[in-house]
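The structure appears below as structure tokens.
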Amino acid sequence: MPIPLLGLLLVMPALVIVLILFIVPLVSSITGAFAVDGLFGFANFQKAFELYSSDIVFTIVIVSLSAVLIGLLSVAIGGYLTLGSNPRAVAILRWLYRWPLFVPFIVVGQILRTFLAKNGLMNSLLMQADILTPMQTTSFLDWRGIVIAFVWKQTPFVTLLLAGAMASLDRSMIESARNLGASRLRILIEIILPQVLPTLLVGLILSFVTMMSVLSVPLMINAQSPTMITASMAFRINAYGDYGVANALGVISLLTTSLVGWVYLRQTMREHR
Amino acid sequence: MKTTMIDLKWIPRALGLGLLAFAIFGPLTNLVLWAVAEKWYFPHALPLQYGFSYWVSVFSPRGNATTSLTMSVLIACLTVIFSIGLAVPAGYALARLKLPFRGAILLVLLIPQAFPNLPVYVNIARLFYQLGLNGTVVGVVLVHVTHGLVYAVWIATAAFSAIDRELEEAARSMGASAFKTFCDVTLPIAAPGLLASAIFVFLESLDEFTGTYFVGAPDISTLPLLLYTAGSGGNYQIASITALILLVPSIAFMIVIERFLKADVLSKVGR
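Chain order of the listed sequences is A and B.
Each number in the numbering used here corresponds to the 1-based position in the first sequence with 424 added.
Each number in the numbering used here corresponds to the 1-based position in the second sequence with 142 added.
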């Protein structure tokens, strides 16, 4: 058998599964959004914007804010792992930061729901330490809780990719900059960061897409309105069986990610050529 | 004088590391406390009474955790078998063989990572409903396979790409067939990477909530669905025990992952 045909044959089963079970439903979510009583129309989008415009803004703001915080934290942790002068502190940090790496979102939702509540462990401990009085305690189970959950779970993932990229950099440039008296912060920002920027970008984009898909965290942490559009979509289907509006919200979330997704696809395709 | 300087430098370090440790282990400790709390209410910072009575009821033969755990493990095992079975040939072809339409194939395999999957699950659930696959093990496994397959293909591709071609060529020049070379040379060398990908797919399936919620519920109950139902019912002990069961394999994998995957392979995951 000629090699190109054999290769195609080996890839085909996996390809067919992804095509039928991802690409086709993806396309039908787009066509479904424009279908109004079997005809083409924009009524679903009109209704989606009427009912859920605050959810849409809420979602984009929360996910973007989380991505920025994840980026800052992962650069800080990755930078210290690469440039830290005390081997013991670096070792502790390396051991410490990765714990949430594979903790599933549903578990993150559950543990933060009990930890961040008004009468949760965090407020109780702050009260025990006399930092807060019972009157000052507030529940973090709103937009802040979602941001904390996303940052808690996704920072280790981005940091792992980033620290790997930083570790494989050529040390000679860093050492010579240090010998010339450059501060570590300056070395991080001016020498290291520009070289690992593609990795940081890929990590943040994957996190952005992941956060746009998470249903459990908004359901568990932020039950009130406004909430994230993933929760609105689930509500639309479970309460009304309204696939039209749910799909319109889906298309809005697809459009939001398509911008960053396009950057990701271009970057990765270039590397695999 | 010198010693005080060193001591002073430890203050910001210890403060930073301490804050990070609190942010990471505070919530985790909270979970463990809830799992063994018999009585715990405001304003007590710690549980009033500890015990395992909830564990006994959760793990009793008729308890729902046992059923959900069995179902979760069954689905995860089937998902691993299907995903790895499909990913090994695909990964080998992507890493080693000349492929026509290579760009288009890569694109199709990357798209699931570039778009949110919730709109997709909604429409899969609709399709499966017409096919009678909603609420069946097959339906849930298919959804998990689609999700896990993409990761499995990329890890398998990375594992095969990392193998030195000369080893395969040496086997071929000594008269081994292409298939025998693959089985006796390529596959054993790639095994650690493939094993890591199998564990990863297993965990992803075990932890998957959204797809199971739309396609499986309420007929199929996995651990994440049990956690969600118990948590929404305000039963934090059962929710925390379920969360703890899900947490153990995740933490174990986090600890051993570098033994399976070198940083350079790891950095290719998700690319």
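Beta carbons: idealized from backbone N, C-alpha and C, even for Gly.
Source: prediction; values computed, not measured.
When the Cα atoms are used, what is the spatial distance from B/P189 to A/G544? Taking the straight line from one Cα to the other gives about 11 Å.
Report the partner residues of A/A459 according to the DSSP bridge assignment. A/F464
Do A/L568 and A/I645 have their C-beta atoms closer together than 7 Å? The amino acid at residue 568 of chain A is misidentified as Leu; the sequence shows Arg. No; because the gap between Cβ atoms is not below 7 Å, this pair is not in contact.
Across which residues does DSSP place B/K151 in a beta bridge pair? DSSP lists no partner for B/K151.
What are the start and end residues of each continuous alpha helix (DSSP H) run of 4 or more residues lying completely inside the region 563–616 of chain A, in chain order? With a minimum length of 4 residues, the continuous alpha helix (DSSP H) runs that stay inside the region 563–616 of chain A are 567–591, 595–603, 608–611.
Within 10 Å of its beta-carbon, does A/N603 have 16 or more other beta-carbons around it, so buried, or fewer, so exposed? exposed
Compare the C-beta of B/F194 against all C-beta atoms of chain A and say whether one is closer than 7 Å. Chain A contact via Cβ: absent.
For B/Y192, name the three-state secondary structure that DSSP assigns. strand
Using a Cβ cut-off of 9 Å, pull out every chain B residue sitting near A/G674, in sequence order please. P258, L260, P261, V262, V264, N265
Count the other CB atoms, across all protein chains shown, that sit within 10 Å of the CB of A/L689; report buried if there are 16 or more and exposed otherwise. buried
Run the CB neighbour count on A/V492, radius 10 Å, all protein chains shown included, and call it buried at 16 or more, exposed below. Under this definition A/V492 is an exposed residue.
State yes or no: is the C-beta of B/T352 within less than 7 Å of the C-beta of B/L365? With contacts defined as CB atoms closer than 7 Å, B/T352 and B/L365 fail to qualify as a contacting pair.
What are the boundary residues of the beta strand (DSSP E) that includes B/A179? 179–181
Measuring only between beta-carbons, confirm whether B/R413 sits less than 7 Å from chain A. Residue confidence for B/R413 is low, a pLDDT of 39 falling below 50, so the modelled location carries little weight and cannot support an answer.
Between A/M436 and the rest of its own chain, which residues show a CB-CB distance below 8 Å, the 5 nearest in sequence each way excluded? none
With DSSP run on the structure shown, which of helix, strand or coil describes B/T221? helix
Count the C-beta pairs between the region 286–298 of chain B and the region 223–234 of chain B that are closer than 8 Å, then say yes if the count reaches three, no if not. As far as the Cβ criterion goes, the region 286–298 of chain B touches the region 223–234 of chain B, which means the pair count is three or higher.
Consider the Cβ of A/Y664: report whether some Cβ of chain B lies at a distance smaller than 7 Å. no
Beta-carbon neighbours of B/W176, restricted to chain A and to distances below 8 Å: T538
I'd like to know whether the C-beta of B/M213 is nearer than 7 Å to at least one C-beta of chain A. no
Taking contact to mean 3 or more Cβ pairs, one atom from each stretch, closer than 8 Å, check whether the region 605–616 of chain A and the region 235–243 of chain B are in contact. These segments do not touch.
Beta-carbon separation of A/V626 and A/K577 under 7 Å? No, these two residues do not count as a Cβ contact at 7 Å.
What is the DSSP secondary structure of A/Q619, counted as helix, strand or coil? helix
Proximal residues of chain A, C-beta to C-beta of B/R268 below 7 Å: Result: Y667.
I need the straight-line Cα distance from B/V250 to A/V582, nearest angstrom please. 24 Å
Taking Cβ to Cβ, would you say B/G205 is nearer than 7 Å to B/S199? yes
Considering Cα atoms alone, identify which of B/V283, B/P360, B/F243 is closest to B/E346. B/V283
Assign B/G412 to buried or exposed, taking buried as 16 or more other Cβ atoms, counted over all protein chains shown, within 10 Å of its Cβ. For B/G412, the predicted structure reports a pLDDT of 42, less than 50, and the residue's modelled location is therefore unreliable. The matter cannot be settled from this model.
Per-residue DSSP class, three states only, for A/E695: helix
Per-residue contacts from A/I661 into chain B (C-beta, under 7 Å): V264
Using the three-state DSSP reduction, which class does A/T680 fall into: helix, strand or coil? A/T680 falls in the helix class under three-state DSSP.
Take A/G752 and list the residues in its own chain whose beta-carbon comes closer than 8 Å to its own, dropping the five residues that flank it on each side. Limits of chain A in this structure are 425 at one end and 697 at the other, which puts residue 752 of chain A out of reach.
Integer Cβ distance of A/L434 from B/P231, believed to fall under 8 Å: 4 Å
Cβ neighbour criterion (16 or more within 10 Å) applied to B/G160: exposed
Confirm, please, whether the CB-CB distance from B/V174 to B/L281 is below 7 Å. With the sequence shown as reference, residue 281 of chain B is identified as Gly, and Leu is not the correct amino acid for it. No, they are not a contact pair.
Cβ-Cβ distance between A/A672 and A/A457 below 7 Å: yes
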